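Protein chains in written order, with my numbering: chain A, 1 to 494; chain B, 1001 to 1102; chain C, 2001 to 2329; chain D, 3001 to 3133; chain E, 4001 to 4464.
Even for Gly, the Cβ is constructed at its ideal location relative to N, Cα and C.
Just so we're clear, the structure is a prediction, and the values are computed from it rather than from any experiment.
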Amino acid sequence: MTSLIPILSLLIFLPLVGALLVFALRQSASAARWLALAFGAAEFVLACAPLALDRQGTAQVGVPTGFFLYQDHGWIDRFGIRFTLGMDGISLVMVILTAFITIVAIIASWKVKERQGLYLSLLLALQGAVQGLFLSLDLFLFYLFWEAMLIPMLFLIGVWGTGRPVYSTIKFFLYTFVGSLLMLLAIIALYLMHGAQTESYTFALPALMHTTVPYQLGLWLFGAFLLSFAIKFPLFPLHTWQPDAYCDAPVAGTLMLASLLSKTAAYGLIRIAYPLFPEASRALTPLVYVVAVLGICYFAWVAFAQRDMKRMLAYSSVSHMGFVALGIAAWSPVAVSGALMQMVNHAITTGALFVMVGMLDERVESRDLSDFGGVWGKVPVLAFFFLIFNMASAGVPGLNNFVSELIVLVGVFKVAPAAALGAFLGSVLTLIYTVRLVQEVLFGKESKPTVLAEVSLREGSVLVLLAVVVVYLGVHPGPVLDLFKAPLELLLNK
Amino acid sequence: MSVPLSHVLIVASLMFAMGLACVVAWRANVIMMLIGIEIMLNAVMLTFVGGSAHWGIADGQLFSLMLMALTSAEVSLALAMVVYLHRRKQTVNTDRFDSMKG
Amino acid sequence: MTWDTVDIALMLGKIVFVFAVILTYAAYLVLAERRILGFLQDRIGPNRVGPWGLLQPLADVIKMLTKEDMIPSAADRLLFSLAPAMAALPAILTFAIIPLGAPVEIFGHKVTMQVADLNVGVLYFMALSSVAVYGVALGGWASNSKYALLGSIRGLSQLISYELSMGLSLVPVVMLAKSLSLADIVNAQADMPFIVYQPLAFAIFLVSILAECRRIPFDLPEAEGELVAGFHTEYSGMRFGLFFVGEYINIISLGSLASLFFLGGWRGPLLPPILWFFIKVGLFSFLFIWVRGTLPRLRYDQLMHLGWKFLTPLALLNILVTGWWLALR
Amino acid sequence: MPVTAQQVEFIPLAIYTAAAVGLIALLLAAAYFLGSGKDSADKHIPYESGVVPTGAARHASRVPFYLIAIFFIVFDVEGAFILTWATAWDLLGIPGLVHITAFIVILMLGLVWLWIKGGLEWGPSAVRERGKP
Amino acid sequence: MTLTELYCLMPIVITGCAALFVLLCGPLLLSSSLTAIGVTASAAAGIWAAFTAPAPIQCIPGLAFTPLAQLLIPLFSFAAALTQLLSHGYNERRILKGEEYPATVLFALFAMCVLPCATNMLILFLALESVSFAFYILVSMDLNRAESGEAGLKYLLMGAVAAAFTAFGFALIFTGSGTLALSAALARPENRAIISAGWGVLILGMAFKLSLVPAHLWTPDVYQGAPSPVAAFLSTSSKVAAAALLLILLGHFPPMAELRAPLALLSVLSMVLGNLAALRQTNIKRMLAYSSVAHMGYLALALLTGSRDGYAAVLLYGAIYTAMNLAAFGAISSLSFEEEREQITDFTGIGFSAPVRGGVLALAMVSLAGIPPTAGFIGKFFIFYSALKSGLIALAVIGILSAAASAYFYLRVVAQLYMHRSEAPAPKPVGFAEGLALCAASVCILVIGVYPGPLLEMVESALR
């Protein structure tokens, strides 16, 4: 269904316009902040708008099935590149998630001291690129957003980062860039193959799904896609950029990286790589299992060894992402919807934890575990939220992560019980380091006494928002899962 | 024509190679390099003249004439630069033209 | 075409004849110059060797041959020895293409009065005049002496500057004759010598050849007042002799060319062609000597200004005017 | 002896050239054998008006000399173009004339430019131009 | 020659006359009016060419207003105009006086206008060499620095060797085919060896001009020594001109099959070694020089395909590369003081102290790295597309990996601009002319990056 208002284009361009306006107002920090927040809110409203639409729709001519919002404009005719956007249930959830996380990020960066206007403007630009990525149905367009995301991120880490920001940002950039360039080659190859087979040269994703790819070549092409997505994911052993980037990025940067950018990779796998190359993906599935399980366990183990909270969370985050990979690898409706659910939950839980570490960091100017202790006694509200999010992360029933990880494990167990067992082992490890983190920070003894301030109104509002979502998704994930059902069927039965 | 085309080409190629060898071997001296380049260009002119004699058209000679003009302009430019650098550094040894490294 | 013995004999005969003519002429031109200069300067000049000093050239040659043959220790030996030959050779070689008279019939063979009638005669002449520069340049440079180097650099600049105007002044002649062959050029002047059409070109050519010969008022390369003897300061004996002889042969050949290009060469009424030719050449020779006796030496900047700011643009303009005049005639 | 049209002209020229070279060689050889005199070290010193030479003789010349060399190279070759046209001016007709006129005009403009920029200045006038001794 | 034919060749006439005018009347005019005249003439030539329909008939023997000319003349004019705008302030700061500079730029432009119009090898060669000549002079124009003169001499010597190779190639092709006209110079089977030898030598010569490895050694020195605006012009237009020459030749008679391997080798070596060498540079101009080696490797890759797509990619990439390098060198030149700002560390914090110029430099770097949504990405996309389409998979993979590595040194500049705490001395405020030029270049980069359609169409029609 195409609506009168081009919602999809607006979703992309609204943040970009916002970025420009905020950039123009960068001299006055408060104006820039409020403007950015306004744009973030507007985007969130716009993102939720499709919830009110009739999402079943009737198949229209030219619109691929399953997409209840669709836009298609000519762009670069020479190559048959079109500006094609489409929204199905998966995209919808991702778009809402993006809008939500961005609002959190904007509020979390209320206190940025240097060049705040530029910072917020980059955040909005990043949001625009991510939204575009989730919506694009043209592979070229997808690639464009995929790479365009890197530039704001590059600056966010490099300019406002701590530690060794330049090193981290360039490392991050190069890793992802190498992978994505190979993906570009694969995209072009697929395009050429499709063109040669059908005489119609196009980058449209639905059309490309019908390409007959020789098995051997398919392995190579899928390999290129997998490599690119695995780096961004990140999957073991391509993760080495990740702890540095997560640690050295500013709070909002880490939030965007952990909550959104890693999801773009998972989204890419689900939307593009697996459906495009079913045979090749099936052939490489064992590899993905191994990598995912290894990742879950290994990263949990490494997280346990960290003294820097942010670094610990970085490893924890990537360990949790292993469940997403696991779910995708199983490629069954249950497993994949679990993976999608895990994407959402991970975004929120991990994001919340990073925000909280940011708050602690702001107060103590340290992230070392030994500098904290007895927080529970000093600032109970803060400590309460910290506990909730950690519990969610550890997979305590009733909170969101439990649901999704359970679904993934159930889904995977049917096809690959060994992998499911491994992953389960990993989640036990998760429990261990989370308990340790909570114990040391909230109840342990600190090395030198510190005075902590209680959460402010601004911080509180963010935490409450996140906590509500955490609890809601933990007890009532049904509506979200429903959204995934129809598109997943289409994707899996292709 | 009394000289076969192949002979002309062989001689020209030899001359060209010799000129190139001169340029490569005497890299230290600008003047020698210029001489080598002249030899190379003369080989080119020889080829053109030979070719135009072979086909019985004047085009090649025309090209040779233009090459002469080109050569003269090039040599004059090179000499101007050599004089300028010589007055600055008192040498025509290219090894001494080493302001740039990297 | 085939040659028989007579042809070959005639050819060799011509060569010998030309050598005889130029060497004799050069030798006596030296004497004539000294006598005429003496006359112009109100003194006598050489008159002791032979009647009226007629054997003086012979004495000069013997002297040069028996003088010590020195090479300065710091000189570049090869170039030092080569330079005089490079100075004399082009002057002699130029004569190969000069027609001394109208073709004649001997033993039923039509004989041109020149060693070789090249169809690119003018180019040949210009090429040789360029080669002549090397004599001056190498001589001065190889001597490794300050005077010599100064003289040779001056000479170099002067020679190449005037070569330009000389070459350009010949372009109208080539256009009028529609040929580069000297015989054709002379034949083209059957009706009217080119000096009538091209007085300006003639003037430019005349001044240029004066400078090419490095004669007063253009003798800056060997200005004895400032540079001792200029580029041949270090030369002695026969090597100096070659420079010396070369200069006089140059006077003859350039005079011959001037008469060929502008005065109709051997053409003239009544008298036999070869006589006409030598009368004209003699005229030029006399002119050279006369100028030497009359004019002062130019300053170097004046010399260069004359060449570049006056003669060269004028020659270029002359070409344009001639071109349009010929086309629209 | 059969000869081609080219050889008719080139054989005499070659013999003439050989003879000229031979003559010069003869003269130099004669001077070498006939030349007399006593060698001494002082005679080999370059002549500098009786003063013992100091410094190197191969000094760098003033810039105008180099400039003249450079100008000559360019103008001489342009002269070659003009001569090429001159040999065939009647065949080329008015278009050829127009071309060569443009050529010569541009060449003369180049000369004028050299003149304006002081490339042709020598001696006192050049010193005046630069305003220093 | 009728009036309409003259009409077609007006760009050549305009630039030639403007060059002579500037040269001769220069002493009487102010330097700003000289710049104005130069820019106006360049713009006029470019606009005239852009809005004149190509006519394949020969106007003057050897010259025709080809479709290729319709694309390239505006491109060259754009580069020349920007160069002059950039040079204006630069030359004032560096005390480069005189009308020779604008006149030489215009002469270069004149020759560049002739190049794509050529219909025979003689004109082609003369045009290419005239371009080189103008650049020899421009490179050595800065008498205040010894590097400039040295760079000029090095460039001249290398360029002369290259010219000898190119001329020898033409000579052999002429000898093999018996004509100088491009349209008729087809390979005759009995002379195949001669012609393919000619092609080989010619490509070697062009490798010099394009600075492909192993004939690239002059590039860094020349870029470093040349005044920055000249480096901008040199690194863009002269490269495009050389590539255009190859395109013109290839359009008329494709090279022999036996030349593919050497050309492929040149391309791979350039891509890999150029990028690797650039990694080590601390001087930004040398870095850009090696980067241009690598970029020319990509161009060679597209040429190697021998397909229409490949040729179109060459033209497109040429246009894009022109915009990118003009922006990069333009920013460098406008950031220079009385001294050149050369080391990468000289740019620390410039992104904030001189936002416009720093931004343009960063944009140029991002574009050179080939990151969307900049023009550089479109260019790379087209090149690798054409390479894959022609089945050059291995080369494409090598190329793309080297491109990925290249991102490192481009980003290092960006990092230096924005991400270091210490600050280099801030530059003076940007002048109007320089600002205009920089904006024009960056707008081109962005617009082509987002909406390359029109440019693609122009490229396609240029090859028709």
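| request: Just the chain B side, please: which residues come within less than 7 Å of E/LEU4063 by C-beta, in chain order? | output: Simply none; closest approach about 15 Å.
| Proximal chain D residues relative to C/LEU1941, where beta-carbon distance stays under 9 Å | This structure does not reach residue 1941 of chain C, given that chain C is present from 2001 up to 2329, and the question cannot be answered.
| task | Look up A/SER281 in the DSSP assignment and say whether it is helix, strand or coil. | result | helix
| field | Given 8 Å, three or more beta-carbon pairs between the segment 4237-4252 of chain E and the segment 4074-4091 of chain E | value | yes
| task | Look up C/LYS2110 in the DSSP assignment and say whether it is helix, strand or coil. | result | strand
| Contacting positions in the segment 4122-4136 of chain E - beta carbon closer than 9 Å to chain D | Here the close residues number zero.
| task | Quick one: residues in its chain with C-beta nearer than 8 Å to the C-beta of E/GLY4449, no 5 flanking neighbours on either side, listed in chain order? | result | Setting aside the 5 residues that flank it on each side, E/GLY4449 is surrounded in the same chain by SER4367, PRO4372, PRO4373, THR4374, ALA4375, GLY4376, PHE4377, ILE4378, each with a C-beta closer than 8 Å to its C-beta; the list follows chain order.
| query | Using a Cβ-Cβ distance under 9 Å, would D/PHE3010 count as near chain B? | reply | no
| task | Mind checking which residues open and close the beta strand (DSSP E) that includes E/ILE4064? | result | The displayed chain sequence assigns Ala, not Ile, to residue 4064 of chain E. First-last of the beta strand (DSSP E) with E/ALA4064: 4063-4065.
| task | Determine the direct distance from the alpha carbon of E/LEU4106 to that of E/TYR4298, and round the result to whole angstroms. | result | Straight-line Cα distance between these residues: approximately 29 Å.
| query | Anyone know if the C-beta pair for B/ALA1069 and D/ALA3080 falls short of 9 Å? | reply | yes
| query | Helix, strand or coil for C/GLU2163 per DSSP? | reply | helix
| message | Could you tell me which whole beta strand (DSSP E) segments of length 3 or greater appear in the segment 2173-2239 of chain C? | response | none
| request: Within 10 angstroms of the Cβ of A/ARG282, are there 16 or more other Cβ atoms? Answer buried if so, exposed if not. | output: exposed
| field | Residue of A/PRO333, A/LEU269, A/GLY163, A/VAL381 minimising C-alpha distance to A/VAL462 | value | A/VAL381
| task | Can you say whether B/MET1001 is buried or exposed, counting buried as having 16 or more other CB atoms within 10 angstroms of its CB? | result | Low confidence applies here, because B/MET1001 scores a pLDDT of 45, under 50, leaving its location unreliable; read the following figure in that light. B/MET1001 should be labelled exposed.
| request: Could you check what DSSP says for C/ASP2060 in three-state terms: helix, strand or coil? | output: helix
| Residue-chain proximity (E/LEU4006, chain D), Cβ-Cβ < 9 Å | no
| message | Using 9 Å as the threshold, is the C-beta distance between A/ASN400 and A/LEU437 below it? | response | no
| request: Would you list the residues sitting across from E/ALA4055 in a DSSP beta bridge? | output: E/PHE4065
| task | Assign A/ASP361 to one of three DSSP states: helix, strand, or coil. | result | helix
| What is the DSSP secondary structure of C/MET2011, reduced to helix, strand or coil? | For C/MET2011, the three-state secondary structure derived from DSSP is helix.
| task | Assign A/TYR201 to one of three DSSP states: helix, strand, or coil. | result | coil
| said: On the DSSP letters alone, give me the boundaries of the beta strand (DSSP E) that C/GLY2282 sits inside. | reply: Element bounds for C/GLY2282: not the beta strand (DSSP E) but the alpha helix (DSSP H), 2273-2294.
| query | Just reading off the beta strand (DSSP E) that A/PHE83 is part of, what are its end residues? | reply | 81-87
| With 16 other CB atoms within 10 Å as the buried threshold, where does C/ARG2329 fall? | exposed
| message | Buried or exposed for C/ALA2020, going by 16 or more other Cβ atoms inside 10 Å? | response | exposed
| Where D/GLY3131 falls, given that 16 or more other Cβ within 10 Å makes a residue buried | Residue placement at D/GLY3131 cannot be trusted, given a pLDDT of 49 that sits under 50; what the coordinates show is reported in the next sentence. Per the 10 Å Cβ criterion, exposed.
| Out of curiosity, what's the CA-to-CA distance linking C/PHE2288 and C/GLY2246? | Each residue's CA atom was taken as its position, placing C/PHE2288 and C/GLY2246 some 15 Å apart.
| request: Report the option in A/ALA352, A/PRO64, A/VAL408 whose CA atom is closest to the CA atom of A/VAL471. | output: With distances taken between Cα atoms, A/VAL471 lies closest to A/ALA352.
| query | Whole-angstrom Cβ separation of A/PRO487 and A/GLY86, contact assumed at under 8 Å? | reply | Rounded, the Cβ-Cβ distance is 10 Å, inconsistent with contact.
| task | Note down, in chain order, every chain D residue with its Cβ under 8 Å from the Cβ of B/SER1072. | result | ILE3073, VAL3074, ASP3076, VAL3077
| query | Taking C-beta to C-beta, are C/ARG2267 and C/LEU2220 nearer than 9 Å? | reply | no
| query | Taking the alpha-carbon positions, what's the C/TYR2028 to D/LEU3027 distance? | reply | When rounded, the distance between both Cα atoms is 18 Å.
| Does DSSP put E/HIS4216 in a helix, in a strand, or in coil? | coil
| said: If I measure Cβ to Cβ from E/ALA4231 and keep anything under 7 Å in the same chain, skipping five residues before and after, which residues do I get? | reply: TYR4223, LYS4285, PHE4329
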